[in-house]
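Residue numbers (our numbering), protein chains in the order written: chain D, 1 to 288; chain G, 289 to 558; chain X, 559 to 805.
No residue lacks a Cβ here, since even glycine has one placed at the ideal position from N, Cα and C.
Here's the structure, in structure tokens; my notes come after.
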């Protein structure tokens, strides 16, 4: 007969447990998450505490980074991710690759997000450099370093060197060598950017990233189209057009290509084709 | 010497029937199943993660085996006075230590073989599910990593024997063995750290550096046997590395057991 | 058969280093084929002396010999059967495996072991339980298994430390029968006890030890002359030694 009260007690306790856990989880989310909670244990200490499970610890840290970035997708405020959070992301990926410097995923993921999302080009390159040093059978990491140098830092010399290194690695695409050579020349910037971006798109599977890259490609193609039109205008009329509409009135082109970011193309005082969505095309380091 | 083998046999039997062994095996099997779920969460290097988890599960199980079954086999003799039933036979103290160690070693090797096969099965299943994500994969390296893990466990249990030969309870033996394991695994890194402390921004006294350097030669450097990272990425080791590491391991084991036997000669059982 | 020559043994009690003299200049001889009863109150030193014979403890002074061989000679234990005071065995072994171990370590063939084990299990009444793990055994069963282990190799000398402890009257009769049988086969039996009736039943000679010193050794017949009871002799010796209860 004493069984029934015991059962009721157990059920009540379980319900209390579930309800209180739910309430607490909500409360925790509201707690201020400051920079001081973002400390990453220094690598030498991590190595010691991981004992013989360094590979596993490295996997775990990377997973932490993945989960963190995924959680920021739900955020409403802009910018979605704060600067110190990007820095934390870098440190966590740095720690992960220090525990296992051959681990590809953090290099790839880190580079893609730190550059386009966080604008932390130097950190991304430092990460890549570690990967280039250890994964000496890998040609894609030096390729990305070269791309970063070219696209974000406007440093064609480093870009060319990195691509040369990439072309020396096993399984390198022949494009690396030819790109390296092209970059030795400072012209044809937009064309090179398109070549780079096409190659990267080809080797990307993640659908979100693909959309981003495709949009950027369209924007770059638009810029190239307009650049070629400006060259033809100059050839015919001996001077650069004042504004892009002149290209249409002078019958060089029929319409302006649609700007995929929703902004507008324009020509600046140095006759360079720009777009009002410049920040999306080329994120700058001190953006956020 | 005839007494050696029967002692090894009953030590083995006693260990194999220990309930803790079933718990450890169950844990390992759960980890192998979890391996499939966890490794799928990663991007390109699913192969590396699968190998990481499988090999780590084997190492962890091996460690638990040594600490909770292995030490039990030896230290329990002293705790619970079951040693009388053995030492009253025509068996010398030295044969006792060697015979018991042989039994324990047999238990460790057999269990590790079983766990290794399950680990390799776990990896193979994941490989069949995600064949494109196993870029640099090497069964020989994985096999070598598992063998080295086994050697580590044998080394650790030899040390446990050494501790048990002069301590009074199995608990102290357990604590000392855990400490030896932690020191053994972190020794290389700690030595690197104290020899270049500026990387973390701390200062180390020269006494500490000296102590660490002495400890480096005294304690077994277990991290030499940890080649999980290389196995996960299919990076090969040189034959000379393998040769020297195995020699180091065997030498250390023999030294520990010999010291244990010598200490044990003088021991009395009132 | 057994010769103990001026053995002394001291123990340090804990960290306070209080020294306890467990055995004080003990000398004793047991002849071939006799049953010797070692009698004394608790803590008198009986187990210590026995453990010295089996080389589990080493004496501070003096020597001990069995069959004219020093007790620290490993080979001598081929001819000794030892039953400790409270036997403990590996939990997960069966009694059968225990006897296999006992036999193999003394060089017996598997066939001999099987034959002798059958006999012994019958004698100690463990036939039905022989394949069960020792951890399932009651105290009495453990004691009987220990006895079987000590006799599997048919030793010339049986050294039994409180062999009747933990046994019910049936068990005690069984052990007694075994001791008598050993005697009939010309074996030497050295056993310790503090139960006087057991001593009275089997022994040829008796030795009384109190507080580490041997007080009296004599043939049993001599001690029981007239109205004399062993108990009186025993209590007298204990009083002479100044009490006798463990301090």
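Notebook entry, point to check: Based on Cα-Cα distance, which residue from G:397, G:546, G:377 lies nearest to residue 447 of chain G?
Noted result: As a working mapping, residue 447 of chain G is identified with position 159 in the second chain. Taking each of G:397, G:546, G:377 in turn and checking the Cα distance to residue 447 of chain G, the smallest one comes out for G:546.
Check: Are residue 57 of chain D and residue 50 of chain D touching if we call contact CB-CB under 7 Å?
Finding: For the purposes of this step, residue 57 of chain D is taken as residue 57 along the first chain, with counting starting at 1. For the purposes of this step, residue 50 of chain D is taken as residue 50 along the first chain, with counting starting at 1. Against a cut-off of 7 Å, the Cβ pair of residue 50 of chain D and residue 57 of chain D comes out as a contact.
Notebook entry, point to check: Quick one, which of G:500, G:338, G:486 has its alpha-carbon nearest residue 321 of chain G's?
Noted result: In the second chain, residue 321 of chain G corresponds to position 33, counting from 1. Of the candidates G:500, G:338, G:486, the one whose C-alpha sits nearest the C-alpha of residue 321 of chain G is G:338.
Note to self: At the 7 Å Cβ level, is residue 47 of chain D part of the contact set with chain G, yes or no?
What the structure shows: The residue given as residue 47 of chain D occupies position 47 in the first chain. So, interface residue.
Checklist line | For residue 400 of chain G, the nearest candidate out of G:497, G:533, G:420, G:312 (CA to CA) | finding: One-based indexing of the second chain puts residue 400 of chain G at position 112. Of G:497, G:533, G:420, G:312, the residue nearest in Cα terms is G:312.
Check: Taking DSSP as the reference, what is the three-state secondary structure of residue 750 of chain X?
Finding: Here residue 750 of chain X refers to the residue found at position 192 when the third chain is read from its first residue. Of the three classes helix, strand and coil, the one that applies to residue 750 of chain X here is strand, per DSSP.
Next item on the list: Tell me whether residue 773 of chain X sits in a helix, a strand or coil according to DSSP, three-state version.
Entry: Here the question's residue 773 of chain X lines up with position 215 in the third chain. Reduced to three states, the DSSP call for residue 773 of chain X is strand.
Note to self: So with CB distances below 8 Å, who are the chain D contacts of residue 332 of chain G?
What the structure shows: The count along the second chain starts at 1 and reaches residue 332 of chain G at position 44. Chain D residues near residue 332 of chain G: 104, 105, 108.
Notebook entry, point to check: Short check: CB of residue 615 of chain X to CB of residue 584 of chain X, under 7 Å?
Noted result: On the third chain, residue 615 of chain X is found 57 positions in, with the first residue counted as 1. On the third chain, residue 584 of chain X is found 26 positions in, with the first residue counted as 1. Against a cut-off of 7 Å, the Cβ pair of residue 584 of chain X and residue 615 of chain X comes out as no contact.
Margin query: If distances are taken between C-alpha atoms only, which option among G:384, G:334, G:305 comes closest to residue 356 of chain G?
Written below: Here residue 356 of chain G is taken as the residue at index 68 of the second chain, counted from 1. For residue 356 of chain G, the nearest C-alpha among the options comes from G:305.
Item checked: Closest residue to residue 699 of chain X among X:689, X:708, X:714, X:683 (Cα-Cα distance) -> Position 141 of the third chain, counted from the start, is the residue given in the question as residue 699 of chain X. Of the candidates X:689, X:708, X:714, X:683, the one whose C-alpha sits nearest the C-alpha of residue 699 of chain X is X:683.
Notebook entry, point to check: Would you say residue 459 of chain G faces chain X, with C-beta separation under 7 Å as the test?
Noted result: As a first step, residue 459 of chain G must be located in the second chain, where it is residue number 171. False, the Cβ-Cβ gap to chain X never drops below 7 Å.
Checklist line | Amino acids of chain G, ordered along the chain, whose beta-carbon sits closer than 9 Å to that of residue 69 of chain D | finding: For the purposes of this step, residue 69 of chain D is identified with residue 69 of the first chain, where counting begins at 1. Per Cβ cutoff of 9 Å: no residues; residue 69 of chain D is ~12 Å from chain G at best.
Notebook entry, point to check: How about residue 100 of chain D: is its C-beta nearer than 7 Å to some C-beta of chain G?
Noted result: The sequence position of residue 100 of chain D within the first chain is 100, counting from 1. So yes, residue 100 of chain D belongs to the interface.
Next item on the list: Counting only runs of 4+ residues fully inside the region 67–106 of chain D, write out the alpha helix (DSSP H) ranges in chain order.
Entry: Every alpha helix (DSSP H) of 4 residues or more that sits fully in the region 67–106 of chain D is shown, in chain order, as 83–99.
Next item on the list: Within the same chain, show all residues whose beta-carbon is closer than 6 Å to that of residue 137 of chain D, passing over the 5 residues directly before and after it, in chain order.
Entry: As a position in the first chain, residue 137 of chain D is number 137, starting the count at 1. Closer than 6 Å at Cβ, skipping near neighbours: 170.
Check: From which residue to which residue does the alpha helix (DSSP H) around residue 742 of chain X run?
Finding: What you label residue 742 of chain X is simply residue 184 of the third chain in a count that begins at 1. If you look at residue 742 of chain X, you'll find it in the alpha helix (DSSP H) that goes 727–742.
Item checked: Beta-carbon proximity of residue 425 of chain G to residue 105 of chain D, cut-off 7 Å -> Walking along the second chain from the start, residue 425 of chain G turns up at place 137. Walking along the first chain from the start, residue 105 of chain D turns up at place 105. Contact flag unset, no.
Notebook entry, point to check: Taking the C-alpha atoms as reference points, what is the distance between residue 639 of chain X and residue 544 of chain G?
Noted result: Within the third chain, numbered from 1, the residue matching residue 639 of chain X stands at position 81. Within the second chain, numbered from 1, the residue matching residue 544 of chain G stands at position 256. Each residue's Cα considered, the two are about 32 Å apart.
Check: When the Cα atoms are used, what is the spatial distance from residue 20 of chain D to residue 334 of chain G?
Finding: Indexing the first chain from 1 puts residue 20 of chain D at position 20. Indexing the second chain from 1 puts residue 334 of chain G at position 46. Whole-angstrom Cα-Cα distance: 37 Å.
Next item on the list: Could you tell me which chain G residues have their CB closer than 8 Å to the CB of residue 655 of chain X, listed as they occur along the chain?
Entry: The residue labelled residue 655 of chain X in the question sits at position 97 within the third chain. Within 8 Å Cβ-Cβ: 298, 301.
Check: Any residues in the region 370–392 of chain G with a beta carbon nearer than 7 Å to a beta carbon of chain X? Which ones, in chain order?
Finding: 370, 372, 373, 375, 376, 377, 378, 379, 380
Checklist line | 6 Å Cβ shell around residue 61 of chain D - same chain, five flanking residues per side excluded | finding: The residue labelled residue 61 of chain D in the question sits at position 61 within the first chain. If we look at residue 61 of chain D and ignore the five residues flanking it on each side, its Cβ neighbours are 92, 95, 96.
Note to self: Using CA atoms only, rank isn't needed, just tell me which of D:11, D:193, D:229, D:25 is closest to residue 267 of chain D.
What the structure shows: As a first step, residue 267 of chain D must be located in the first chain, where it is residue number 267. Checking every option, the nearest Cα to that of residue 267 of chain D belongs to D:229.
Checklist line | Residue from X:642, X:797, X:659, X:757 whose Cα sits closest to the Cα of residue 787 of chain X | finding: Numbered from its first residue, the third chain carries residue 787 of chain X at position 229. Of X:642, X:797, X:659, X:757, the smallest CA-CA separation from residue 787 of chain X is found for X:757.
Next item on the list: With DSSP collapsed to three states, give me the class of residue 510 of chain G.
Entry: Position 222 of the second chain, counting from 1, holds the residue named residue 510 of chain G. Reduced to three states, the DSSP call for residue 510 of chain G is helix.
Check: Does DSSP put residue 569 of chain X in a helix, in a strand, or in coil?
Finding: For this step, residue 569 of chain X is matched to residue 11 along the third chain. Correct three-state label for residue 569 of chain X: strand.
Check: Between residue 657 of chain X and residue 710 of chain X, is the Cβ-Cβ spacing less than 7 Å?
Finding: For this step, residue 657 of chain X is matched to residue 99 along the third chain. For this step, residue 710 of chain X is matched to residue 152 along the third chain. Cβ distance < 7 Å, so residue 657 of chain X and residue 710 of chain X count as in contact.
Next item on the list: Whole angstroms is fine: what's the gap from residue 120 of chain D's alpha carbon to residue 85 of chain D's?
Entry: In the first chain, the residue the question calls residue 120 of chain D occupies position 120. In the first chain, the residue the question calls residue 85 of chain D occupies position 85. Roughly 11 Å separates the two Cα atoms.
Next item on the list: Report yes or no: do three or more beta-carbon pairs, one from the region 66–73 of chain D and one from the region 484–494 of chain G, lie closer than 8 Å?
Entry: no
Notebook entry, point to check: If we count the other Cβ atoms within 10 Å of its Cβ and call it buried at 16 or more, is residue 286 of chain D buried or exposed?
Noted result: Your numbering for residue 286 of chain D matches position 286 in the first chain. Here the model assigns residue 286 of chain D a pLDDT of 38, short of 50, so the residue's position is not dependable, and the following value carries that caveat. Result: exposed.
Notebook entry, point to check: With distances taken from CA atoms, which of D:163, D:224, D:252 is nearest residue 237 of chain D?
Noted result: On the first chain, residue 237 of chain D is found 237 positions in, with the first residue counted as 1. Here the closest residue by C-alpha is D:252.
Note to self: Here's a check: name, in chain order, each residue in its chain whose Cβ is nearer than 8 Å to the Cβ of residue 375 of chain G, leaving out the five neighbours to either side.
What the structure shows: As a first step, residue 375 of chain G must be located in the second chain, where it is residue number 87. Beyond the five residues adjoining it in sequence on each side, residue 375 of chain G comes within less than 8 Å, by CB distance, of 381, 384, 557 in the same chain, given in chain order.
Checklist line | Distance, residue 520 of chain G Cα to residue 413 of chain G Cα | finding: The residue labelled residue 413 of chain G in the question sits at position 125 within the second chain. The residue labelled residue 520 of chain G in the question sits at position 232 within the second chain. Answer to the nearest angstrom: the Cα atoms are 16 Å apart.
Checklist line | Within chain X, partners of residue 425 of chain G - CB distance below 8 Å | finding: Stepping through the second chain from its first residue, residue 425 of chain G is reached at position 137. Near residue 425 of chain G there are no residues of chain X at all, since even the closest Cβ is about 41 Å away, more than 8 Å.
Check: Quick one, are the C-beta atoms of residue 392 of chain G and residue 350 of chain G less than 7 Å apart?
Finding: As a first step, residue 392 of chain G is located in the second chain; it is residue number 104 there, counting from the start. As a first step, residue 350 of chain G is located in the second chain; it is residue number 62 there, counting from the start. Not a contact, by the Cβ cut-off of 7 Å.
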